[in-house]
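Protein chains in written order, with the working numbering: chain A, 464 to 740; chain B, 464 to 740.
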């Protein structure tokens with residue numbers, strides 16, 4: 464599904480849906496379905512530019528708006544079939560509790576993939592892998608300052624995030640449905656993860672508002688098919704305008720970002736062809 | 464709040480509220496408020512035996528029953544004031560997303576504490592510490608088989624879970640409101656965590672259905688005040704009977720477990736006194 468979206472849309476841009484009630488346009492504030500209406504408008508204007516959508520569940524949970532998240536994902540599936548929905552939930556638990564979280568993500572919300580924390584180990588991932596065709600994307604190297612506190616620790620000749628990448632690429636990846644979250648702010652580490660996990664989809668937040676460099680990201684994370692990344696931008700797209708033109712301006716930023724990723728990919732192909740001679 | 468509950472109730476038993484729709488008594492199944500009604504009956508029968516309640520949010524989310532979780536926590540606060548509610552959610556995210564999760568736990572659900580994953584580091588914990596009087600309990604050493612995959616890795620002379628314990632005891636614990644999750648199935652490691660974090664409350668799942676030994680747990684995890692643990696049991700209590708006497712049987716098991724913990728604490732005190740004198 465993701466490969467088709469990459470190639471069919473020629474896009475590696477993922478639009479992150481983090482609807483902050485305090486940043487919605489005035490015309491939507493106070494509406495009982497404000498989060499849904501805001502995200503739906505963004506989705507409909509950016510669907511031809513994106514390879515995936517990534518709703519962040521915390522924004523809906525904090526607002527008692529689970530029903531709006533359900534409606535949003537149903538809207539995406541009905542109106543933009545073929546575009547995967549990644550539920551950004553970063554769940555991490557075991558046994559029957561993990562089964563409940565998998566049910567929440569895949570049955571209740573009908574997400575195509577969900578983000579997970581690897582801290583509790585293999586049996587915290589397995590319940591998600593029992594859903595054929597659904598993906599589980601593990602936190603590996605995150606782009607926040609505290610990301611180094613544990614992830615950059617040396618665990619015997621490699622760093623913790625490298626161990627997570629190796630486990631996800633091999634021992635844990637029984638169904639071939641795993642991916643990894645790797646921030647755009649550390650291109651050298653993104654390149655290392657790509658080396659350790661040559662075929663895994665990489666969900667890459669941190670461009671746009673967080674300042675990651677698109678050229679460096681594309682050079683570091685592209686796979687042998689010329690795609691391989693779900694490069695996520697949220698705030699820079701969602702809040703491009705605070706007025707009633709928010710969805711048009713969001714599409715402008717999304718298009719510019721998609722094009723920037725495309726151009727970086729083209730430069731990378733040219734550089735590779737030159738190197739081959 | 465927790466110290467008062469430990470001493471006031473002379474109990475370190477935490478009743479875990481993981482309401483599995485498939486295991487409810489037949490008389491409750493099919494009721495729209497089944498999860499709430501089940502948990503409320505358990506809560507009201509076990510409140511005099513427990514130092515805390517720990518609802519597991521996944522069971523409510525998978526069932527589209529967030530409103531029942533809200534009602535349950537409100538019921539506990541209204542009818543059993545002084546007993547802390549730990550929302551078992553194992554959240555882990557950063558920045559504005561972490562703020563949303565903190566809002567979900569502390570404002571929407573009015574939990575007194577929430578469980579978190581440490582994988583994303585210090586800035587993924589901080590938003591929760593901005594709520595005075597509310598706790599954040601970090602996954603440290605979990606009792607599942609895969610718990611060793613990352614947590615037992617050597618990170619330069621100590622294991623990853625030991626590093627997490629040290630960080631939680633010191634650098635990360637700016638407000639004195641952190642705790643740690645340490646499974647009962649590894650008493651030697653529980654003792655090590657207690658050594659590294661002498662004053663932190665330890666949430667200890669894994670007795671009861673998961674087979675952890677109460678004597679070994681109490682010997683390993685007790686603090687200098689003679690308490691210090693929130694020893695959690697869920698399934699053994701909740702599903703003690705599948706019939707209409709479920710709440711009475713739950714109270715029987717809860718009482719027996721509390722008494723077993725008390726007796727182990729008494730034996731530990733005697734052993735300590737003998738050793739001194």
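All residues carry an ideal CB built from backbone N, CA and C; glycine is no exception.
message: Please identify, using Cβ separations under 7 Å, the residues of the stretch 511 to 538 of chain A that lie next to chain B, in order along the chain.
response: The stretch 511 to 538 of chain A vs chain B, Cβ under 7 Å: 519, 521, 522, 524, 525, 527 and 529.
query: CB-CB under 6 Å to residue 482 (chain B), same chain, minus the five flanking residues each way: which ones, in chain order?
result: Same-chain partners within the cutoff: 498, 501, 502 and 522.
query: Quick one: is residue 658 (chain A) buried, meaning 16 or more other Cβ sit within 10 Å of its Cβ, or exposed?
result: When all chains shown are included, residue 658 (chain A) counts as exposed.
- prompt: alpha helix (DSSP H) containing residue 632 (chain A): first to last residue?
  reply: Looking at the DSSP string, the run of the alpha helix (DSSP H) that includes residue 632 (chain A) is 623 to 632.
field: Simplified DSSP assignment, three categories, for residue 618 (chain A)
entry: The answer is coil: DSSP assigns residue 618 (chain A) none of H, G, I, E or B.
- prompt: Are the beta-carbon atoms of residue 647 (chain B) and residue 476 (chain B) separated by less than 9 Å?
  reply: Result no, Cβ atoms of residue 647 (chain B) and residue 476 (chain B) do not sit closer than 9 Å.
message: Run through chain B and tell me which residues come within less than 7 Å of residue 610 (chain A), C-beta to C-beta.
response: In chain order: 583 and 584.
query: In whole angstroms, what separates the C-alpha of residue 504 (chain A) from that of residue 542 (chain A)?
result: Each residue's Cα considered, the two are about 12 Å apart.
- request: Look at the alpha carbon of residue 471 (chain B) and the alpha carbon of residue 642 (chain B), and state the distance between them as a whole number of angstroms.
  value: Cα to Cα, the separation comes out at about 20 Å.
query: Nearest to residue 596 (chain A) by alpha carbon, out of A:527, A:549 and A:650?
result: If we check each option's Cα against that of residue 596 (chain A), A:549 comes out closest.
query: Can a CB atom of chain A be found closer than 9 Å to the CB of residue 483 (chain B)?
result: Residue contact check for residue 483 (chain B) against chain A: a CB pair falls below 9 Å.
- prompt: Using 9 Å as the limit for Cβ to Cβ distance, is residue 570 (chain A) near chain B?
  reply: Answer yes: the Cβ-Cβ gap between residue 570 (chain A) and chain B drops below 9 Å somewhere.
- request: Can you have a look at residue 495 (chain A) and say buried or exposed, based on whether 16 or more other CB atoms are within 10 angstroms of its CB?
  value: With fewer than 16 other CB atoms across the displayed protein chains lying within 10 angstroms of its CB, residue 495 (chain A) is exposed.
- request: Whole angstroms is fine: what's the gap from residue 506 (chain A)'s alpha carbon to residue 528 (chain A)'s?
  value: When rounded, the separation of the alpha-carbon atoms in residue 506 (chain A) and residue 528 (chain A) is 18 Å.
field: Interface residues of chain C facing residue 607 (chain A) [CB-CB closer than 8 Å]
entry: Of the protein chains in this structure, namely A and B, none is chain C.
task: Under the assumption that residue 625 (chain A) contacts residue 655 (chain A) (Cβ atoms under 8 Å), give the Cβ distance between them as a whole number of angstroms.
output: Between residue 625 (chain A) and residue 655 (chain A), the beta carbon gap of about 6 Å places them in contact (Cβ cut-off 8 Å).
- request: May I have the straight-line CA-CA distance separating residue 474 (chain B) from residue 616 (chain B), to the nearest angstrom?
  value: Spanning the two alpha carbons is a distance of roughly 34 Å.
message: Counting C-beta neighbours from all protein chains within 10 Å, is the total for residue 705 (chain B) 16 or more, i.e. buried, or is it exposed?
response: Flag for residue 705 (chain B) reads exposed.
message: Just to confirm the assignment, what range does the beta strand (DSSP E) spanning residue 663 (chain A) have?
response: Segment: none, residue 663 (chain A) is in no beta strand (DSSP E) and carries neither H nor E.
- request: In the DSSP assignment, find the alpha helix (DSSP H) that holds residue 558 (chain B) and state where it starts and stops.
  value: Note, residue 558 (chain B): alpha helix (DSSP H), 558 to 566.
- prompt: Any C-beta of chain B sitting closer than 9 Å to the C-beta of residue 580 (chain A)?
  reply: Residue-level contact by beta carbon holds for residue 580 (chain A) and chain B, with a gap shorter than 9 Å.
- prompt: Does DSSP put residue 655 (chain B) in a helix, in a strand, or in coil?
  reply: Of the three classes helix, strand and coil, the one that applies to residue 655 (chain B) here is helix, per DSSP.
- prompt: So with Cβ pairs under 9 Å, would you call residue 614 (chain B) a contact of chain A?
  reply: With 9 Å as the cut-off, residue 614 (chain B) counts as an interface residue toward chain A.
- prompt: Should residue 720 (chain B) go down as buried or exposed, given a rule of 16 or more other Cβ atoms within 10 Å for buried?
  reply: Residue 720 (chain B) is buried by the Cβ-count criterion.
query: Expressed to the nearest angstrom, what Euclidean distance is found between the alpha-carbon atoms of residue 591 (chain B) and residue 703 (chain A)?
result: Between residue 591 (chain B) and residue 703 (chain A), the alpha-carbon positions lie close to 29 Å from each other.
query: What are the start and end residues of the beta strand (DSSP E) that includes residue 642 (chain A)?
result: First-last of the beta strand (DSSP E) with residue 642 (chain A): 641 to 645.
query: Is the beta carbon of residue 668 (chain A) less than 9 Å from the beta carbon of residue 598 (chain A)?
result: Not closer than 9 Å, so no.
task: Kindly indicate which three-state DSSP category residue 569 (chain A) falls into: helix, strand or coil?
output: In this structure, DSSP gives residue 569 (chain A) a helical state, which the three-state scheme calls helix.
- request: With a cut-off of 8 Å on the beta carbons, I'd call residue 556 (chain B) and residue 587 (chain B) a contact; round off their distance for me.
  value: A Cβ-Cβ separation of about 6 Å places residue 556 (chain B) in contact with residue 587 (chain B) under the 8 Å criterion.
Where the beta strand (DSSP E) containing residue 705 (chain B) begins and where it ends: Element bounds for residue 705 (chain B): n/a, residue is neither H nor E.
task: Can you give me, in chain order, the residues of the stretch 616 to 627 of chain A that have a beta carbon less than 8 Å from any beta carbon in chain B?
output: Taking 8 Å as the upper bound on Cβ-Cβ separation, chain B lies near residues 616, 617, 618, 619, 623, 626 and 627 of the stretch 616 to 627 of chain A.
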